[in-house]
Amino acid sequence: AQSVTQLGSHVSVSEGALVLLRCNYSSSVPPYLFWYVQYPNQGLQLLLKYTSAATLVKGINGFEAEFKKSETSFHLTKPSAHMSDAAEYFCVVSGSGNTGKLIFGQGTTLQVKP
Amino acid sequence: GAVVSQHPSRVICKSGTSVKIECRSLDFQATTMFWYRQFPKQSLMLMATSNEGSKATYEQGVEKDKFLINHASLTLSTLTVTSAHPEDSSFYICSARGQRGSGTEAFFGQGTRLTVV
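Protein sequences appear in the order of chains A and E.
With the first letter of the first sequence counted as 1, position 87 gets the number 87 in the numbering used here; the numbers rise by one all the way through.
With the first letter of the second sequence counted as 1, position 27 gets the number 1027 in the numbering used here; the numbers rise by one all the way through.
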């Protein structure tokens, strides 16, 4: 069984500040991990993914995440927040391979203050 | 650019009628498609997984006779909400996984806002 927990349903940062969105996972098999972003009333866009290659993953829009097996974590970071980063972020776990279903975390709303 | 197209983006229907939502993979063959439901300010809830040419696998608690899923081709899956009721009003999102990228990530449609009146 797999699950993912996002710590903090709402995160607020100032523009230019560090963004840190926390995600912990549980998986009985080697996981694939993803971060997706959702803007209001839209679908989801892939930010980055971990599929057992490099543990530090770089994604689009300056985001990156580090897979830490010992901590079962996959936290999302960005050095400097932009106003356009305000959105809903989902951490997602899947079994390896292309048949595993995607299990979503509860989501974290990122607010960026000017 | 968009690789998964979902249609319609918004639909309003009368209680008791049926509504069909289409999900198309535009430039790749989607061997697996997923259908999600999202309530306001909540996460995505997986409703069912469908593989081309076979019956969909529904998650626990999802009525398969109410939410009919068809994945007749490698580029098209449909979700039909039958005998819709106001409690079926929600945001429905499809995603597709297949021969695009590494094959591990899923690409999402833009979502369909269903309102049953």
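Every residue, glycine too, gets a C-beta built ideally from N, C-alpha and C.
In terms of DSSP beta bridges, what is residue i paired with?
| i | result |
| --- | --- |
| E:Phe1033 | The sequence given here has Met at residue 1033 of chain E, not Phe. According to DSSP, which records beta bridges pairwise, E:Met1033 is partnered with E:Ser1050 and E:Ala1096. |
| A:Ser73 | A:Asn24 and A:Lys68 |
| A:Gln2 | A:Ser27 |
| A:Gly95 | A:Pro31 |
| A:Thr55 | In the DSSP output, where bridge partners are listed per residue, A:Thr55 has none listed. |
| A:Glu88 | A:Gln38 and A:Thr109 |
| E:Met1045 | E:Arg1037 |
| A:Phe104 | A:Val92 |
| E:Thr1115 | E:Ile1012 |
Quick one, which of the options has its alpha-carbon nearest residue i's?
| i | options | result |
| --- | --- | --- |
| E:Leu1074 | E:Thr1032, E:Leu1044 and E:Lys1066 | E:Thr1032 |
| E:Ser1095 | A:Asp85, A:Phe90 and A:Leu44 | A:Leu44 |
| E:Val1004 | E:Ile1021, E:Asn1070, E:Ser1018 and E:Asp1027 | E:Asp1027 |
| E:Glu1118 | E:Ser1054, E:Thr1080 and E:Ala1072 | Outside the displayed span of chain E (1001 to 1117) sits residue 1118 of chain E, for which this structure offers no information. |
| A:Leu46 | E:Phe1107, E:Thr1112, E:Glu1052 and E:Gln1099 | E:Phe1107 |
| E:Lys1055 | E:Phe1034, E:Ser1043, E:Lys1041 and E:Ile1093 | E:Phe1034 |
| E:Ser1043 | A:Thr5, A:Tyr50, A:Ala86 and A:Met83 | A:Thr5 |
| A:Ser27 | A:Glu15, A:Thr77 and A:Gln2 | A:Gln2 |
| A:Gly8 | A:Tyr32, A:Asn24 and A:Asn41 | A:Asn24 |
| A:Ile103 | E:Gly1053, E:Leu1046 and E:Lys1041 | E:Leu1046 |
| A:Ala54 | A:His10, A:Phe74 and A:Val92 | A:Phe74 |
| E:Gly1053 | E:His1085, E:Phe1091, E:Pro1040 and E:Ser1077 | E:Ser1077 |
| A:Cys91 | A:Gly16, A:Glu15, A:Leu33 and A:Ala17 | A:Leu33 |
| E:Lys1066 | E:Val1019, E:Val1117, E:Lys1014 and E:Thr1104 | E:Val1019 |
| A:Trp35 | A:Glu15, A:Gly16, A:Val112 and A:Gly62 | A:Gly62 |
| E:His1085 | E:Arg1010, E:Ser1009, E:Leu1114 and E:Ser1015 | E:Ser1015 |
| A:Ser94 | A:Val37, A:Pro31 and A:Ser14 | A:Pro31 |
Under the rule that 16 or more other beta-carbon atoms within 10 Å means buried, what is residue i, buried or exposed?
| i | result |
| --- | --- |
| A:Leu20 | exposed |
| E:Ile1012 | exposed |
| A:Ala81 | buried |
| A:Ala65 | buried |
| E:Gln1038 | buried |
| A:Tyr39 | exposed |
| E:Arg1024 | buried |
| A:Thr108 | buried |
| E:Ile1021 | buried |
| E:Gln1029 | exposed |
| E:Thr1017 | exposed |
| A:Ile60 | exposed |
| E:Glu1087 | exposed |
| E:Ala1072 | exposed |
Indicate, with yes or no, if the ligand NAP has a heavy atom lying under 6 Å from the CB of residue i.
| i | result |
| --- | --- |
| E:Leu1076 | This structure does not include the ligand NAP; it has no bound ligands of any sort. |
Report the residues of the stretch 55-81 of chain A with a CB closer than 7 Å to any CB of chain E, ordered along the chain.
-> none
Pull out every residue of the stretch 1081-1115 of chain E whose Cβ sits closer than 8 Å to any Cβ of chain A, in chain order.
-> Phe1091, Ile1093, Ser1095, Arg1097, Gly1098, Ser1102, Gly1103, Thr1104, Glu1105, Ala1106, Phe1107, Phe1108, Gly1109, Gln1110, Gly1111 and Arg1113
Cβ-based contacts, 8 Å cut-off: residues of the stretch 24-43 of chain A near chain E = Tyr32, Phe34, Tyr36, Asn41, Gln42 and Gly43
Interface residues of the stretch 1039-1052 of chain E facing chain A [CB-CB below 7 Å] | Ser1043, Leu1044, Leu1046 and Thr1049
Contact set between the stretch 102-114 of chain A and chain E, restricted to residues whose Cβ is under 9 Å from the partner | Leu102, Ile103, Phe104, Gly105, Gln106, Gly107 and Thr109
Those runs of the beta strand (DSSP E) which lie wholly inside the stretch 1061-1092 of chain E and span at least 3 residues = 1067-1073 and 1076-1081
Between the stretch 1060-1084 of chain E and chain A, which residues of the former have a C-beta closer than 9 Å to a C-beta of the latter?
-> none
Pull out every residue of the stretch 1021-1037 of chain E whose Cβ sits closer than 9 Å to any Cβ of chain A, in chain order.
-> Thr1031, Thr1032, Phe1034 and Tyr1036
Closer than 8 Å, Cβ to any Cβ of chain E: which residues of the stretch 1-27 of chain A, in chain order?
-> none
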